[in-house]
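Numbering (my numbering), first residue to last: 532 to 874.
The structure under discussion appears below in the form of structure tokens.
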Amino acid sequence: MIKLENITKKFSSKGKQIIGVDDVTLTVEAGEVFGIVGYSGAGKSTLLRCINLLEKPTSGKVFVDGVNLHELSPKDLRKARQSIGMIFQGFHLVTSKTVFENVAFALRAAGADKKQIKLRVEELLALVGLEDRKDQYPAQLSGGQKQRVSIARALANQPKILLCDEATSALDPGTTKSILSLLKKINRELGLTIVVITHEMEVVKEICSRCAVMQNGKVVEQGSTYDIFSDPANPLTVSFIQTVLNFDLPEELLGEINGKLVRLQFKGSIAAEAVVSDMLQAFPIRGNILHGKVEYIQSKPLGIFIMELNGNEAEVNKAIAYLRDKVSKVEVLDDGTRNRHLA
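Given below as structure tokens:
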């Protein structure tokens with residue numbers, strides 16, 4: 532559906548060249564929700580705008596449905612852009628127009644007649660849950676309702692792709708969850724391909740099947756969301772994962788630990804409690820689970836437990852070796868790594 536080949540975007544500022552996107556190659560499959568995550572200034576929004584050539588890459592190629600957008604005439608490019616909807620953090624609604632008129636604007640621009648506009652706008656407002664708000668103005672709406680209007684407007688011309696530029700960043704957690712649920716519904720019911728730009732790993736976990744992590748204009752890691760969460764390879768990715776899988780233990784508790792502190796990661800259908808129980812029966816040691824959490828990512832469980840193991844050092848080491856054979860990842864947290872790697 533979307534293929535970016537060696538995309539580089541350079542800007543000039545005060546006689547200096549700034550690289551916004553640096554040789555990025557990635558593919559977004561038809562019908563998937565793909566996330567691009569990074570901190571402010573990583574280049575993710577610039578990359579998103581390269582997909583519909585709102586930002587024209589300095590070099591590289593953009594393919595949508597197998598068509599090289601760079602080779603299109605201005606007229607054909609305008610037509611191609613009708614198949615790519617876009618929503619923003621700031622909503623970009625016309626404050627002097629009603630909800631109905633804001634959504635209708637895109638249809639009028641595409642040449643639809645009054646009857647088509649009325650039917651389509653009513654259909655879209657029902658889809659986003661705002662059919663009772665059509666005569667209200669943006670100032671009368673909450674942030675979440677404004678974003679729903681933006682989504683309806685972006686879908687007006689029945690696009691195949693929806694680009695979301697920090698669409699939930701200005702919203703509270705509860706509203707963010709409802710907007711993400713709406714995007715999942717749109718993806719499921721309309722088969723829309725969605726590209727999500729965010730600095731929040733929770734958004735990626737909630738909605739994306741695959742994702743890419745950006746830093747300084749480069750993609751430093753990409754893969755399935757589950758693999759990124761369970762086996763992050765880049766230090767930046769690890770820091771993002773820690774914002775979701777946060778396992779900070781109280782300093783007072785850390786000071787009371789006398790045994791070995793271990794971090795266990797369970798993937799898929801492995802029963803964590805059974806593995807720990809079997810280990811404690813097999814070896815003459817004591818074990819204490821200090822923290823445990825199971826997240827469901829793309830409907831697959833990922834469990835993390837922090838345990839203290841006490842007893843004869845040789846037996847404890849045998850128990851750790853046993854665990855390494857049973858679970859996906861075991862990390863022994865010594866005094867120098869306890870506070871850094873609990874997440």
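Glycine included, every Cβ here is placed at the ideal spot set by N, Cα and C.
Treat the numbers as computed from the prediction; the structure is a model and nothing was measured.
Unbroken stretches of the alpha helix (DSSP H), 4 residues or longer, contained in the segment 645-724: 645-658, 674-685 and 704-721
Buried versus exposed, by CB contacts within 10 Å (16 or more), A573: buried
So what's D596 in DSSP terms, helix, strand or just coil? coil
Under three-state DSSP, which class holds F622? coil
Exposed unless 16 or more other CB atoms sit within 10 angstroms - verdict on F622: buried
Straight-line gap, G823 to K798 (C-alpha atoms, nearest Å): 14 Å
Chain-order list of residues whose beta-carbon lies under 6 Å from that of N870 (same chain, five-residue window excluded): Per-residue confidence for N870 stands at a pLDDT of 47, beneath the threshold of 50, marking its modelled position as unreliable; the derived number appears in the next sentence. Same-chain partners within the cutoff: there are none.
With burial defined as no fewer than 16 other Cβ atoms inside 10 Å of the residue's Cβ, what is the status of D866: buried or exposed? Confidence at D866 is low in this model, with a pLDDT of 48, below 50, so its placement is unreliable and the value that follows should be read with caution. Exposed, since its Cβ has fewer than 16 Cβ neighbours within 10 Å.
Same chain only: Cβ atoms within 6 Å of K857, ignoring 5 sequence neighbours per side: V806
Report yes if the CB atom of S770 is closer than 8 Å to the CB atom of S755, and no otherwise. no
Per DSSP, P832 forms a beta bridge with which residues? Y827
Go ahead and pull the three-state DSSP assignment for E737. helix
Counting only the same chain and skipping the five closest in sequence on each side, list residues whose C-beta sits under 8 Å from that of S543. The residues are I549.
Applying the criterion that 16 or more other CB atoms from any shown protein chain within 10 Å of the CB defines a buried residue, is S800 buried or exposed? The residue in question, S800, is exposed, as its Cβ has fewer than 16 Cβ neighbours within 10 Å.
Buried or exposed: where does R609 fall if 16 or more other Cβ atoms within 10 Å of its Cβ makes it buried? exposed
In whole angstroms, what is the alpha-carbon distance linking E720 and L713? Using only the alpha carbons, I get a separation of about 10 Å.
Is it true that the segment 718-738 meets the segment 639-649, where meeting means three or more beta-carbon pairs spaced less than 8 Å apart? no
In the DSSP assignment, what are the bridge partners of L840? Listed as beta-bridge partners of L840 by DSSP are K791 and G818.
Nearest candidate by alpha-carbon position, reference E560, set C742, L711 and V775: C742
Specify, as a first and last residue, the run of the beta strand (DSSP E) that D554 falls within. K547 to V559
Report all residues from its chain with a CB closer than 8 Å to the CB of I820; omit the five preceding and five following residues, and keep chain order. V807, F836, I837 and M838
Taking 8 Å as the limit between beta carbons, can you name the residues of its chain near I582, skipping five residues before and five after? I533, L535, V593, V595, I615, I692, L694 and V726
R639 burial status per 10 Å Cβ neighbour count (16 or more: buried): An exposed status is given to R639, since fewer than 16 other beta-carbon atoms sit within 10 Å of its beta-carbon.
For the segment 670-678 against the segment 693-711, are there 3 or more C-beta pairs whose distance is under 8 Å? yes
Does DSSP put M732 in a helix, in a strand, or in coil? In the three-state reduction of the DSSP assignment, M732 falls in the helix class.
Does V634 pass the burial test, meaning 16 or more other C-beta atoms within 10 Å, or should it be called exposed? buried
Give me the DSSP bridge partner(s) of L864. L792
Cutoff 6 Å; reference T774; Cβ partners in own chain excluding five residues on either side: M732
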